[in-house]
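Novice: Quick one: the structure is below, and I'll ask about it shortly.
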């Protein structure tokens with residue numbers, strides 16, 4: 001059983017509010033958060049085991065009002081159109097003042113020799129945009145893991161996009177960095193491509209805005 005506490009702090013680091021996203025018997029782990037500027041809101045995402053009605057591990061999100069800390073009901077983000085455990089979520093927001101969404105990415109375990117990077121966009125109303133999972137990298141027989149998405153996609157409206165980076169295990173002693181670019185509306189602008197693939201171990205990237 002893991003629980004998730006959130007704290008809102010001012011510019012001086014003082015705690016304004018402290019509350020729980022989850023304090024149930026479910027196992028919530030690996031929290032990440034991002035902001036939507038126009039909605040004055042945060043989204044907290046976690047990997048959850050034991051969520052009612054769902055097998056294995058799934059990605060669950062909760063929106064939080066930045067002023068009141070009022071929470072919406074938990075949203076299942078990693079829908080059942082894709083099988084396997086979903087873990088290691090990250091989330092990016094949007095600083096744009098118009099139509100904007102959150103981008104949630106995660107690691108999907110398909111088989112012991114095939115793991116993938118998937119994503120969904122989430123609205124400020126705590127609903128999913130689109131009808132199915134976005135395949136950032138769904139290649140067969142590849143071990144892709146630890147995705148990171150930029151915390152913001154910029155402020156240029158139609159030109160805004162998130163960078164998503166992760167590592168791929170090539171062998172027991174060699175991991176490479178790959179990345180993709182996803183538009184603010186969920187269009188895959190640049191598909192999965194190699195960023196660093198030397199003979200040394202390159203792993204755990206963090207994507208910048």
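In our numbering, the protein residues as written are 1 to 209.
Glycine included, each C-beta is placed from N, C-alpha and C at the ideal position.
Please list, in chain order, all residues of the same chain as residue 64 whose beta carbon is under 6 Å from its beta carbon, the five residues on each side excluded.
Specialist: Same-chain partners within the cutoff: 42 and 71.
Novice: Compute the distance between the beta-carbons of residue 44 and residue 33, then report whether it is under 8 Å.
Specialist: Closer than 8 Å, so yes.
Novice: Taking only beta-carbon atoms, is residue 179 less than 8 Å away from chain D?
Specialist: The question asks about chain D, but that chain is absent: this structure has only one protein chain.
Novice: If we call anything under 8 Å between Cβ atoms a contact, is residue 202 one with residue 193?
Specialist: No, they are not a contact pair.
Novice: Does the beta-carbon distance from residue 128 to residue 168 come in below 8 Å?
Specialist: The answer is no: Cβ separation not under 8 Å.
Novice: Beta strand (DSSP E) containing residue 133: first to last residue?
Specialist: Per DSSP, residue 133 belongs to the beta strand (DSSP E) from 128-137.
Novice: Taking the straight line between their C-alpha atoms, what separation do you get for residue 180 and residue 189?
Specialist: So the two alpha carbons sit approximately 8 Å from each other.
Novice: Say whether the region 113-127 touches the region 48-57, bearing in mind that this needs 3 or more beta-carbon pairs closer than 8 Å, one atom from each stretch.
Specialist: The answer is no - the region 48-57 does not touch the region 113-127, with fewer than three Cβ pairs under 8 Å.
Novice: Does the beta-carbon distance from residue 184 to residue 207 come in below 8 Å?
Specialist: Not a contact, by the Cβ cut-off of 8 Å.
Novice: Leaving out five residues before and five after residue 209 in sequence, what residues of the same chain have Cβ atoms less than 6 Å from its Cβ?
Specialist: Once the five neighbours on either side are set aside, the close Cβ partners of residue 209 are 150, 151 and 152.
Novice: Can you tell me where the beta strand (DSSP E) with residue 175 in it begins and where it stops?
Specialist: Residue 175 -> beta strand (DSSP E) spans 174-183.
Novice: Using a Cβ-Cβ cut-off of 6 Å (strictly less than) and excluding sequence neighbours within five positions of residue 27, which residues of its own chain qualify?
Specialist: Around residue 27: 1, 2, 49 and 50.
Novice: Taking Cβ to Cβ, would you say residue 100 is nearer than 8 Å to residue 36?
Specialist: Yes, the pair counts as a contact, with Cβ atoms nearer than the cut-off.
Novice: I need the DSSP call for residue 95, collapsed to helix, strand or coil.
Specialist: If DSSP states are grouped into helix, strand and coil, residue 95 belongs with coil.
Novice: What residue range is occupied by the uninterrupted beta strand (DSSP E) comprising residue 202?
Specialist: No beta strand (DSSP E) holds residue 202; DSSP gives it neither H nor E.
Novice: For the beta strand (DSSP E) containing residue 41, name the first residue and the last one.
Specialist: Unbroken beta strand (DSSP E) run through residue 41: 41-49.
Novice: Taking just the CA atoms, how far does residue 39 sit from residue 199?
Specialist: Rounded to whole angstroms, residue 199 to residue 39 spans 45 Å at the Cα level.
Novice: Go through its chain and collect everything with a Cβ distance to residue 141's Cβ below 7 Å, but skip five positions before and after it.
Specialist: 113 and 114, listed in sequence order.
Novice: Span of the beta strand (DSSP E) holding residue 7?
Specialist: Residues 4-9.
Novice: Provide the residue span of the beta strand (DSSP E) that contains residue 119, from first to last.
Specialist: Looking at the DSSP string, the run of the beta strand (DSSP E) that includes residue 119 is 114-122.
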